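Last residue of the sequence shown? That's 674 in UniProt numbering, and every number before it is there in order. Just so it is clear, CB atoms sit at the ideal spot from N, CA and C, and this is done for glycine as well. Remember, it's a predicted structure, so these values are computed and weren't measured experimentally. Down below is the structure, laid out as structure tokens.
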Amino acid sequence: MDYRMCWLEYRGLPADAAGKLKDWFSSVSILEPGSSVLKDEIRRFSERSIGITPRFYSRPLKKEKYIMVGRLESLPIKLDENLGEEGFMLRTLEWNGSKILLVTGETKKALVYGIFDLMKRIRLGEDIEKMNVLEKPKAKFRMLNHWDNLDGTIERGYAGNSIFFKDNRIIINQRTQDYARLLASIGINGVVINNVNVKKREVYLIDSIYLKRLKKLADIFREYGIKIYLSINFASPVYLGGLDTADPLDERVARWWREKAREIYDYIPDFGGFLVKADSEFNPGPHMFGRTHAEGANMLARALAPFGGVVIWRAFVYNCLQDWRDYKTDRAKAAYDNFKPLDGQFDDNVIIQIKYGPMDFQVREPVNPLFGGMERTNQILELQITQEYTGQQIHLCFLGTLWKEILEFDTFAKGEGSYVKRIVDGTLFDRENNGFAGVSNVGDSVNWTGHDLAQANLYAFGRLAWNPDEEIERIVEEWIKLTFGDDEKVLENVSYMLMKSHRTYEKYTTPFGLGWMVNPGHHYGPNPEGYEYSKWGTYHRANWEAIGVDRTSRGTGYTLQYHSPWKEIYDDINTCPEDLLLFFHRVRYDHRLKSGKTLLQTMYDLHFEGVEEVEEFIKKWEELKDRVPPDIFERVKERLHMQLEHAKEWRDVINTYFYRRTGIPDEKGRKIYP
Ligand code: GCU
1 MDYRMCWLEY
11 RGLPADAAGK
21 LKDWFSSVSI
31 LEPGSSVLKD
41 EIRRFSERSI
51 GITPRFYSRP
61 LKKEKYIMVG
71 RLESLPIKLD
81 ENLGEEGFML
91 RTLEWNGSKI
101 LLVTGETKKA
111 LVYGIFDLMK
121 RIRLGEDIEK
131 MNVLEKPKAK
141 FRMLNHWDNL
151 DGTIERGYAG
161 NSIFFKDNRI
171 IINQRTQDYA
181 RLLASIGING
191 VVINNVNVKK
201 REVYLIDSIY
211 LKRLKKLADI
221 FREYGIKIYL
231 SINFASPVYL
241 GGLDTADPLD
251 ERVARWWREK
261 AREIYDYIPD
271 FGGFLVKADS
281 EFNPGPHMFG
291 RTHAEGANML
301 ARALAPFGGV
311 VIWRAFVYNC
321 LQDWRDYKTD
331 RAKAAYDNFK
341 PLDGQFDDNV
351 IIQIKYGPMD
361 FQVREPVNPL
371 FGGMERTNQI
381 LELQITQEYT
391 GQQIHLCFLG
401 TLWKEILEFD
411 TFAKGEGSYV
421 KRIVDGTLFD
431 RENNGFAGVS
441 NVGDSVNWTG
451 HDLAQANLYA
461 FGRLAWNPDE
471 EIERIVEEWI
481 KLTFGDDEKV
491 LENVSYMLMK
501 SHRTYEKYTT
511 PFGLGWMVNP
521 GHHYGPNPEG
531 YEYSKWGTYH
541 RANWEAIGVD
551 RTSRGTGYTL
561 QYHSPWKEIY
571 DDINTCPEDL
581 LLFFHRVRYD
591 HRLKSGKTLL
601 QTMYDLHFEG
611 VEEVEEFIKK
621 WEELKDRVPP
631 DIFERVKERL
641 HMQLEHAKEW
651 RDVINTYFYR
661 RTGIPDEKGR
671 KIYP
């Protein structure tokens with residue numbers, strides 16, 4: 001096999017643990033017809049981890065101990081539980097003279113989740129004799145967005161080429177199924193397989209020439225409870241249908257989409273729906289025809305509704321042709337300005353997908369005020385698992401800690417306790433169609449994610465989407481144990497590195513919510529004015545005495561998009577959280593922070609500290625030689641050394657920039673280039 005199975009790499013369990021499991025796994029009763037996926041996974045695990053091949057039966061058994069897998073309604077034991085479509089139960093009980101470990105749920109998909117969860121728990125050392133678990137996902141939509149192009153390239157992909165496409169063809173092979181296994185094991189239930197920028201050949205993905213092959217892909221993913229979605233081009237009726245317009249209120253356009261939907265569902269009866277990037281960064285949309293986002297999205301939604309499909313409409317809409325001399329327009333305000341007035345106008349099967357912050361996946365941004373701003377609209381939180389602005393999988397930057405902070409952010413939309421996590425799980429505004437989307441970090445590299453430790457980002461995304469209340473430390477611990485086994489030192493060092501890495505990256509790049517000091521285009525490496533005079537609305541306006549954009553009520557008014565007390569907290573330089581200071585305020589370099597140090601001195605200090613922390617990561621990793629597989633050890637080591645070199649570049653470029661701007665030296669006399 002030319003790739004590893006990440007956290008699903010089943011290794012032999014210690015002899016005593018395996019010994020105890022043998023009786024349980026020797027006979028497995030599966031009361032579910034057509035359940036090869038369940039059998040295969042149990043067999044794989046038993047053979048590799050316990051060293052036995054189970055016998056499978058399709059009826060209850062007379063045995064001292066065994067595992068029974070079946071939907072609630074097919075069990076001989078009556079249990080009064082409401083598990084919903086995706087919830088499952090693992091319970092060890094006595095019945096009919098046998099000890100049974102029951103894996104049950106209301107659907108086949110729930111059984112798949114149950115089996116993966118059972119094996120995870122066993123691998124983490126939980127006692128099978130005492131299993132008593134009831135799990136239900138909190139959010140309904142738990143999606144991955146692939147930015148994969150049909151030619152096999154991936155927009156913002158840092159882990160090789162696409163696993164879905166090559167040379168304008170759809171790839172289906174063993175890896176397709178293994179990917180479905182990985183995703184199901186972390187509870188992902190939807191995958192958008194193509195890039196949100198639907199240009200050139202990708203427009204044809206909804207054409208019959210591709211649908212046949214897509215059906216095969218959907219058949220594989222369905223077995224693991226995962227639905228396929230496609231990004232579409234809003235002007236498809238023109239490109240594919242030969243119409244002279246894509247105006248959503250033109251009946252010919254609506255009819256074309258209805259017929260298209262029917263055709264797609266003929267091939268894929270459980271097709272998930274469309275993801276749409278409209279009127280954004282040169283993608284066509286309803287604005288081209290003088291229509292609103294709601295009119296555009298609803299027209300598509302009505303075509304999909306009869307088949308149960310949804311339209312996921314992105315809120316990433318802003319003026320991408322700004323003039324840097326224009327001080328009035330503030331890109332941070334754009335999503336709210338565009339979508340807030342439409343709250344309540346979207347059909348039930350439309351979901352607005354909102355990036356976590358108002359700009360674009362910077363290392364730190366405030367939470368997008370649309371969360372808490374729209375009470376009558378379904379919402380998906382969009383996170384970027386791929387590390388576009390966070391080190392491109394060369395740098396170690398675990399994002400779970402940042403995501404957890406976002407989920408725990410209290411919007412105060414309905415008073416205290418109006419957390420983002422309660423919006424995306426639908427409970428705060430009592431809505432059903434909500435959830436998570438993560439821009440995938442997966443490619444065809446041997447470890448799927450380029451940096452081996454970046455697998456933790458994918459894992460954490462799935463686990464938080466399933467349960468945003470989960471503690472991040474626990475998720476990290478799980479991932480480490482499942483990936484590397486039980487070695488205490490590995491657990492200690494890797495969790496130290498992961499838990500700290502986002503802050504470290506922030507320190508040596510752009511702290512204080514500054515963002516954007518990257519090279520334009522590919523977005524890797526420092527360039528303090530790379531985006532300063534561009535069209536993208538991404539300015540910091542540093543001069544000799546101050547830096548930052550005044551986004552307060554006295555400036556662009558962005559702070560007014562928040563509920564109280566955030567509105568007031570962000571508005572005041574004395575109460576604004578310091579890690580977002582330069583996002584909200586224009587600040588003099590000699591401004592004193594809470595520590596008593598000036599902004600400038602702190603800027604210098606953080607950059608030196610960040611590099612020292614990377615040096616520390618290298619030491620921690622070196623200690624793990626011979627404790628992790630040698631190929632992983634070498635790959636990670638190589639990346640950490642690249643990270644160190646590039647972190648130094650960041651430190652020196654940014655510190656030099658500020659020194660040259662201000663003429664104020666570092667108090668500690670460290671090397672800064674004059
Ligand atoms: C970023 C990214 C683009 C992407 C866009 C989006 O701007 O650089 O590659 O297309 O986000 O999310 O649509």
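**residue 678, buried or exposed, once every other Cβ within 10 Å from all chains shown has been counted against 16** = With the chain running from 1 to 674 in the structure shown, residue 678 is simply not present.
**Prompt:** Apart from the five residues on each side of it in sequence, which residues of its chain come closer than 8 Å, Cβ to Cβ, to E638?
**Reply:** none
**Asked** Does the distance from the C-beta atom of L61 to that of S36 stay below 8 Å?
**Response** no
**P526 - partner residues in DSSP beta bridges** = V518
**Item:** Three-way DSSP call (helix, strand, coil) for G663 in this model
**Value:** coil
**Asked** So K481 is in the alpha helix (DSSP H); what residue range does that whole segment cover?
**Response** 472–484
**Prompt:** Near L211, what residues of its chain come up, given a Cβ to Cβ distance below 6 Å and the 5 sequence neighbours on each side ignored?
**Reply:** Y267
**Request:** Give the C-beta separation of P369 and Y531 to the nearest angstrom, bearing in mind that I take them to be a contact with Cβ-Cβ under 8 Å.
**Result:** Rounded, the Cβ-Cβ distance is 22 Å, inconsistent with contact.
**Asked** Where does the unbroken beta strand (DSSP E) through M5 begin, and where does it stop?
**Response** Here M5 belongs to no beta strand (DSSP E), and DSSP marks it neither H nor E.
**Prompt:** Between the segment 152–171 and the segment 433–446, do three or more beta carbon pairs fall short of 8 Å?
**Reply:** yes
**the ligand GCU heavy atom lying under 7 Å from the CB of D360** = yes
**Message:** Tell me the DSSP secondary structure of R48 in three-state form.
**Reply:** helix
**Request:** Please report how far the alpha carbon of L75 lies from the alpha carbon of I100, in whole angstroms.
**Result:** 12 Å
**Asked** Using the beta-carbon count (16 or more within 10 Å), is Y673 buried or exposed?
**Response** exposed
**Asked** Out of curiosity, what's the CA-to-CA distance linking L183 and K63?
**Response** 34 Å
**Prompt:** In whole angstroms, what is the alpha-carbon distance linking D279 and I632?
**Reply:** 43 Å
**Prompt:** Roughly how many whole angstroms lie between the Cα atoms of V198 and D247?
**Reply:** 18 Å
**Request:** Mind checking which residues open and close the beta strand (DSSP E) that includes R314?
**Result:** 310–314
**Item:** Straight-line Cα distance separating P366 from A546
**Value:** 21 Å
**Request:** Have a look at the DSSP bridge pairing and note the partners of M89.
**Result:** T104, L134
**Message:** Based on DSSP bridge pairs, tell me the residues matched to R142.
**Reply:** F436
**Item:** Own chain partners of A301 with C-beta closer than 6 Å, once the 5 adjacent residues on each side are dropped
**Value:** V311, D347, N349, V350
**Prompt:** For Q601, does the three-state DSSP call read helix, strand or coil?
**Reply:** helix
**Item:** Backbone CA spacing between K328 and F316 [nearest angstrom]
**Value:** 19 Å
**Residue from T575, I573, G669, P629 with nearest C-alpha to Y604** = G669
**Beta-carbon gap between L31 and G70 smaller than 8 Å** = yes
**Item:** V196: CB within 7 Å of a non-hydrogen atom of the ligand GCU
**Value:** yes
**Message:** Less than 8 Å between the beta carbons of N378 and N433, yes or no?
**Reply:** yes
**Message:** Quick check: what's the CA-CA separation for E477 versus M499?
**Reply:** 10 Å
**Request:** For H641, count neighbouring C-beta atoms within 10 Å of its own C-beta (all shown protein chains included) and say buried if the count is 16 or more, exposed if not.
**Result:** exposed
**Asked** Looking at G87 and K136, is the spacing between their C-beta atoms short of 8 Å?
**Response** yes
**Request:** Examine the ligand GCU and report whether any of its heavy atoms sits within less than 7 Å of the Cβ of K109.
**Result:** no
**Prompt:** Ends of the alpha helix (DSSP H) at F535?
**Reply:** One detail in the question is off: residue 535 reads as Lys in this sequence, not Phe. Segment: none, K535 is in no alpha helix (DSSP H) and carries neither H nor E.
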